[in-house]
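J.:
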Amino acid sequence: MLDRNRLMALYTRLKNSYGPQYWWPAKTPFEVMVGAVLTQNTSWKNVEIAIGNLCERGYLSLPMLRKLDVDKLAHHIRPSGYFNLKARRLKNLCQWLEEMGGLEKLSTLDTNTLRDSLLSVNGIGPETADDILLYALERPVFVIDSYTRRLLTRLNMITGDEDYEVLRSEFENALGACTQLFNEYHALIVRHAKQKCNIGEAESEGHCKHCYVEAAENFVPFSSSANVA
DNA sequence: TACCAGGAGAAAA
DNA sequence: TTTTCTCATGGT
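For the first sequence, the numbering used here puts the final residue at 901, and the numbers step up evenly by one.
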């Protein structure tokens, strides 16, 4: 069971270290949705190239993506990897959004109904659905990604093999439903995982396991004073 | 050259 | 029901 005080202490330390993150890196909720699919098992840099391709050609809207042929879409998102698969997934998501009546209509649905509906779309799994719910639709849903799992495992707060839904539920119950907190917390975890390494010259940029582990371990000793949120 | 990166679904065991 | 395989590019 996750402890609220430890979670809040970790949040405070992350925020003090990195400051506000202003997530998700996108201009519109629809762009968040597209990015959430494109980033599946893919680095964000590659996703940015793919989104840039769509943006340049004016395809970054529901009507335009709906019209775009799936093979052409695959061509434009090629840099993000798995392009054939992701093109189909994006088309599925667009079809779903249109059938739901567009982004505006989604606001009339409660979060659980919306989440179940999103999960029924082929290609939208728990993490992608929660990215969309939190960052595009501003619902109080905590995103459990590999970074979250890895950090909390290294801090001995979880074993790491917990079911996705169990972990999400524990986070949400411990922290209380707060969209802004969930937004910032998850963004900070990703920021922490990607922090620049200042140890080895050969690893001056990007993700560095050495630096990451050390930084994570620096969070470990939660003294009694640090447990105060 | 080999490995990794903000998963998900289908197939196999 | 659980585990394994497949999808693929770009950067290090």
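Glycine residues also receive a C-beta, built at the ideal position from the N, C-alpha and C atoms.
Since the structure is predicted, the reported quantities are computational estimates derived from the model, not experimental observations.
Answer with buried or exposed for Q767, where buried requires no fewer than 16 other C-beta atoms within 10 angstroms of its C-beta.
T.: Position 95 of the first sequence, counting from 1, holds the residue named residue 767. Exposed is the call here.
J.: Please check the pair L805 and R787, which I expect to be a contact at CB under 8 Å, by giving their CB distance rounded to whole angstroms.
T.: As a first step, residue 805 is located in the first sequence; it is residue number 133 there, counting from the start. As a first step, residue 787 is located in the first sequence; it is residue number 115 there, counting from the start. Contact flag correct, Cβ pair sits at about 6 Å.
J.: Where do the ends of the alpha helix (DSSP H) carrying P701 lie?
T.: One-based indexing of the first sequence puts residue 701 at position 29. Per DSSP, P701 belongs to the alpha helix (DSSP H) from P701 to L710.
J.: Alpha carbon to alpha carbon, how far is M673 from Q867?
T.: Here the question's residue 673 lines up with position 1 in the first sequence. Here the question's residue 867 lines up with position 195 in the first sequence. When rounded, the separation of the alpha-carbon atoms in M673 and Q867 is 28 Å.
J.: Suppose you measure from the CA of L734 to the CA of N828; what does that come to, to the nearest Å?
T.: Residue numbering aside, residue 734 sits at position 62 when the first sequence is read from its first letter. Residue numbering aside, residue 828 sits at position 156 when the first sequence is read from its first letter. Rounded to whole angstroms, L734 to N828 spans 43 Å at the Cα level.
J.: Using 10 angstroms around the beta-carbon of G691, count the other beta-carbons present and answer buried if the total reaches 16, otherwise exposed.
T.: On the first sequence, position 19 is the one that residue 691 refers to. Exposed: under 16 other Cβ atoms inside 10 Å.
J.: If contact is defined by three or more beta carbon pairs under 8 Å, each pair taking one atom from either stretch, is the stretch 839 to 852 in contact with the stretch 808 to 818?
T.: Here the stretch 808 to 818 makes contact with the stretch 839 to 852; the two share three or more CB pairs at distances below 8 Å.
J.: Does DSSP classify I871 as helix, strand or coil?
T.: Locating residue 871 in the first sequence gives position 199, where the first residue counts as 1. With a pLDDT of only 33 at I871, under 50, the local geometry of the prediction cannot be trusted, and the value read off the model is given with reservation. Three-state DSSP puts I871 in coil, outside helix and strand.
J.: Please work out which residues of its chain come closer than 6 Å, Cβ to Cβ, to W761, disregarding the five sequence neighbours upstream and downstream, and give them in chain order.
T.: As a first step, residue 761 is located in the first sequence; it is residue number 89 there, counting from the start. The sequence as given places Arg at residue 761; Trp does not occur at that position. Closer than 6 Å at the Cβ level, and outside the excluded window around R761, lie V709 and G795.
J.: Are R840 and D802 close, meaning C-beta to C-beta below 9 Å?
T.: Taking the first sequence and counting its residues from 1, one reaches residue 840 at position 168. Taking the first sequence and counting its residues from 1, one reaches residue 802 at position 130. Yes, they are a contact pair.
J.: My output table needs one value for N688: the three-state DSSP class, helix, strand or coil.
T.: For the purposes of this step, residue 688 is taken as residue 16 along the first sequence, with counting starting at 1. Three-state DSSP puts N688 in a helix.
J.: Roughly how many angstroms lie between the CA atoms of E856 and Y807, to the nearest whole one?
T.: The residue labelled residue 856 in the question sits at position 184 within the first sequence. The residue labelled residue 807 in the question sits at position 135 within the first sequence. Their backbone Cα atoms lie some 10 Å apart in a straight line.
J.: Below 8 Å on the Cβ atoms is my contact criterion, and I expect A865 with W695 to pass it. Report the Cβ-Cβ distance as a whole number of Å.
T.: Locating residue 865 in the first sequence gives position 193, counting from the first residue. Locating residue 695 in the first sequence gives position 23, counting from the first residue. Contact doesn't hold; Cβ gap of about 14 Å is too wide.
J.: Apart from the five residues just before and just after M736, which ones in its own chain have a Cβ nearer than 8 Å to its Cβ?
T.: Here the question's residue 736 lines up with position 64 in the first sequence. G730, listed in sequence order.
J.: In chain order, what residues of the same chain have a beta carbon less than 6 Å from the beta carbon of L791, not counting five sequence neighbours either side?
T.: Counting from one through the first sequence, the residue named residue 791 turns up at place 119. Same-chain partners within the cutoff: A801.
J.: Are at least three pairs of beta-carbons, each pair with one atom in the stretch 705 to 722 and one in the stretch 749 to 758, less than 8 Å apart?
T.: Here the stretch 705 to 722 makes contact with the stretch 749 to 758; the two share three or more CB pairs at distances below 8 Å.
J.: For the alpha helix (DSSP H) that Y731 lies in, which residues bound it at each end?
T.: The residue given as residue 731 occupies position 59 in the first sequence. Y731 -> no alpha helix (DSSP H), and no H or E assigned at all.
J.: If I'm right that M772 touches L778 with Cβ under 8 Å, what's the distance once you round it to whole angstroms?
T.: Translated into the one-based positions of the first sequence, residue 772 becomes position 100. Translated into the one-based positions of the first sequence, residue 778 becomes position 106. That pair is a contact at about 6 Å.
J.: What's the C-alpha gap between K971 and D743?
T.: There is no way to answer for residue 971, as the model of the chain reaches only from 673 to 901.
J.: Could you name each continuous alpha helix (DSSP H) segment of 4 residues or more that falls completely within the stretch 800 to 865, going from the start of the chain to the end?
T.: 818 to 826, 836 to 847 and 851 to 865
J.: Under 8 Å Cβ to Cβ from L847, same chain only, skipping five residues before and after it: list those, please.
T.: In the first sequence, residue 847 corresponds to position 175, counting from 1. Cβ within range, chain order: R676, L679, M680, F814, L853, F854 and Y857.
J.: Determine the direct distance from the alpha carbon of L745 to that of N845, and round the result to whole angstroms.
T.: Counted from its first residue, the first sequence places residue 845 at position 173. Counted from its first residue, the first sequence places residue 745 at position 73. Cα-Cα distance, rounded: 40 Å.
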